[in-house]
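Encoded as structure tokens, the structure appears first; notes follow it.
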Amino acid sequence: MNRTLFLTALFCILFLVHPLFLLAQNPIVPPGIYMADPTARVWDDGRLYIYGSVDESTDYYCSHRYHVLSTSDLVNWTLHENSFSSMGEDDRVPYSDELLYAPDCQVKGDTFYLYYCQPDRDHAEGVAVSTRPAGPFEKASSIDVPEHNQIDPCVFIDDDGQGYYMWGQFTAKMARLNPDMRTLDATTIRDSVLTEKEHFFHEGGHMIKRNGIYYFLYAHLGRAAMPTCIGYATSRSPMGPFTYGGVIVDNDHCDPGNWNNHGSIMEFNGRWYVFYHRATHNSQMMRKACMEPIFFHEDGSIDEVEMTSQGAGGPLPATSVIDAGRACLLHGNVRIRACAADNEELAGIRDGDRAVFRYVDFGDGVDSVSVRVKPGKHLGRIDLKAGMPWGTAIGSVEVPDSIGLNVPVTLTCPAGTVTGVHALWLVFSGEGDELFSVDWIQFNGTLQSSPPGGAPGPAGDH
């Protein structure tokens with residue numbers, strides 16, 4: 089079979105197995121890709137672009153390359169790999185072989201400017217250019233930030249065309265960007281635009297303007313002494329003073345080893361979204377970009393939203409295959425872990441652990457539930473609950489021990505009466521560590537579900 093026929097046949101099989109394979113869901117990056125620090129931009133071609141760092145290890149943050157993710161509909165995503173590199177065959181940074189941390193991108197005329205940063209005390213900030221929004225970017229040069237060599241650049245262009253450059257850790261720094269888009273007006277550098285004491289600022293600044301209000305987003309250090317939140321502050325002037333606004337999203341409990349968050353907000357096709365990341369692999373790293381719809385009040389304030397599995401789309405149809413990697417909330421030792429180059433599972437499961445999928449549409453009811461698991465050395469059980477871990481019982485799957493085989497099996501049990509949209513809780517029990525791993529869940533039976541669409545709640549820009 090030639091490659092074209094093979095791929096066509098494979099797509100047909102995938103479409104049959106995943107009948108709603110193309111729904112918008114979290115994470116927005118494919119299995120096996122770990123893209124963090126997502127900055128969202130919409131350019132004149134009408135596409136949404138995500139610029140971010142790329143994690144490759146549980147031992148250190150990021151890597152020596154960037155990818156770009158783009159979409160025209162929040163459903164079909166294109167991964168533009170290796171848009172910029174700081175080491176190897178495609179090295180574009182002549183003065184440093186350090187890792188590439190969180191980036192940003194802006195456009196002026198026909199040129200796209202990629203702003204990157206590295207853990208380099210002498211050359212922390214840099215810029216490269218391309219004629220295409222997804223690169224490749226080249227002609228890299230260092231940006232001089234006197235006495236303030238820190239990470240996490242963001243560039244905001246105001247309505248009058250003036251650019252502003254912000255960066256920094258623990259305190260936010262800002263300066264006017266010169267018209268060349270490559271250098272700063274050093275006379276305008278300001279420190280402590282945001283602070284840890286007044287705004288819970290940690291790092292990861294990002295700015296947008298809406299209805300005359302400047303919104304400064306950042307990694308927020310106000311809960312559990314960890315920067316797991318995306319917080320915001322507002323001002324009527326681009327360089328402040330800024331008033332603390334609150335939290336937009338908190339990624340706490342996305343992984344037992346989780347530490348930070350970093351993101352942005354952007355309007356796309358009439359709706360606003362927050363972009364953020366979640367850690368995996370029981371680590372602070374291996375982070376995956378996600379998104380949620382957000383809501384503005386008339387006074388400009390933003391409601392906090394919860395992490396979901398559905399992301400920009402509607403609830404996950406119960407009769408679709410619900411991949412384990414889409415769990416949005418984890419309690420205990422359980423974590424999302426790669427089990428193949430293009431697949432992820434719930435692993436490290438112990439007695440009392442729980443995993444949550446928000447939200448699942450059960451329609452008018454389902455008949456049974458199937459769970460794909462890889463048994464461990466001990467007997468275990470999965471109790472499926474609707475709404476809360478003590479909520480309506482949907483089903484209970486007894487997981488056998490592996491008897492040394494460690495072979496994946498699909499287990500099916502009857503489903504109790506459950507209708508409508510609910511959070512799906514998986515409650516695990518058994519004795520011993522690494523009870524088993526979970527690949528996917530699927531409910532079976534005739535389902536009348538609401539049509540795919542936006543997430544529940546107010547639509548549009550309010």
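The sequence shown: position 417 = 505 (this note's numbering), numbered continuously. A virtual CB, placed ideally from N, CA and C, is assigned to each residue, including glycine.
Item: Report the three-state DSSP secondary structure of R270 (helix, strand or coil).; Value: coil
Item: Rounded to the nearest angstrom, how far is the Cβ of L418 from that of I410, given a contact under 8 Å?; Value: L418 to I410, Cβ: 15 Å. No contact.
Item: Take A426 as the anchor and find which of G420, A412 and R438 has the nearest alpha-carbon.; Value: A412
Item: Per DSSP, what kind of secondary structure is R414 in: helix, strand or coil?; Value: helix
Item: When you compare each of D455, A274, S397 and A435 to V448 by their alpha carbons, which one comes out closest?; Value: S397
Item: Just mark H385 as buried or exposed, buried being the case when its beta carbon has 16 or more other beta carbons within 10 Å.; Value: exposed
Item: Check the C-beta distance from Y306 over to G319 and give it rounded, since I have them as a contact under 8 Å.; Value: 6 Å
Item: Kindly indicate which three-state DSSP category H290 falls into: helix, strand or coil?; Value: strand
Item: Could you give the DSSP three-state label for K465: helix, strand or coil?; Value: coil
Item: I'd like the list of long-range same chain contacts for S482, defined as Cβ closer than 7 Å, with 5 residues on each side in sequence excluded.; Value: Sequence inspection shows Ile at residue 482; the Ser mentioned does not correspond to that position. Closer than 7 Å at Cβ, skipping near neighbours: V457, L472, K473, A474, A503, G504 and V506.
Item: Please go through the same chain and pick out, in chain order, the residues whose beta-carbon is closer than 6 Å to the beta-carbon of L512, but skip the five residues on each side of it.; Value: F445 and V448
Item: Curious, which full-length beta strand (DSSP E) runs of at least 3 residues does the stretch 420–484 contain?; Value: 423–428, 431–435, 442–449, 456–463 and 468–474
Item: Please classify Y148 as buried or exposed, where buried requires at least 16 other C-beta atoms within 10 Å of its C-beta.; Value: exposed
Item: Starting from the C-beta of G468, find all residues in its chain whose C-beta is less than 6 Å away, skip the five residues before and the five after it, and write them out in chain order.; Value: V487, G518, L523 and F524
Item: Under three-state DSSP, which class holds T396?; Value: coil
Item: I need the DSSP call for E144, collapsed to helix, strand or coil.; Value: coil
Item: Should the stretch 113–124 be called in touch with the stretch 153–168, which here means at least 3 C-beta pairs below 8 Å?; Value: yes
Item: Provide the residue span of the beta strand (DSSP E) that contains T322, from first to last.; Value: C317 to S323
Item: Are the CB atoms of F363 and V130 nearer to each other than 7 Å?; Value: no
Item: State the Cα-Cα distance for the pair V181 and V459, rounded to the nearest angstrom.; Value: 47 Å
Item: Spell out the partners DSSP gives P405 in its beta bridges.; Value: D449
Item: When you compare each of K261, L265, V117 and P241 to Q250 by their alpha carbons, which one comes out closest?; Value: L265
Item: Expressed to the nearest angstrom, what Euclidean distance is found between the alpha-carbon atoms of L499 and V509?; Value: 24 Å
Item: Does T507 come out as helix, strand or coil in the three-state DSSP assignment?; Value: coil
Item: Note down, in chain order, each residue of its chain lying with its Cβ closer than 7 Å to the Cβ of L399, except the 5 sequence neighbours on either side.; Value: At residue 399 the sequence reads Gly, which differs from the Leu that was named. Excluding sequence neighbours, G399 sits near A112, Q113, N114, I116, C378, M379 and E380.
Item: Can you tell me whether L110 is helix, strand or coil according to DSSP?; Value: Reliability fails at L110, whose pLDDT of 46 lies under 50, so the model's placement of it is uncertain and no value is given.
Item: In terms of residues, what are the limits of the beta strand (DSSP E) holding R366?; Value: R359 to R366
Item: May I ask you to report which of helix, strand or coil DSSP gives E226?; Value: strand
Item: Taking the alpha-carbon positions, what's the P118 to C416 distance?; Value: 15 Å
Item: Select from L187, L188 and L202 the residue whose C-alpha is nearest the C-alpha of Q194.; Value: L202
Item: Do you know how far the Cα of A435 is from the Cα of R423?; Value: 6 Å
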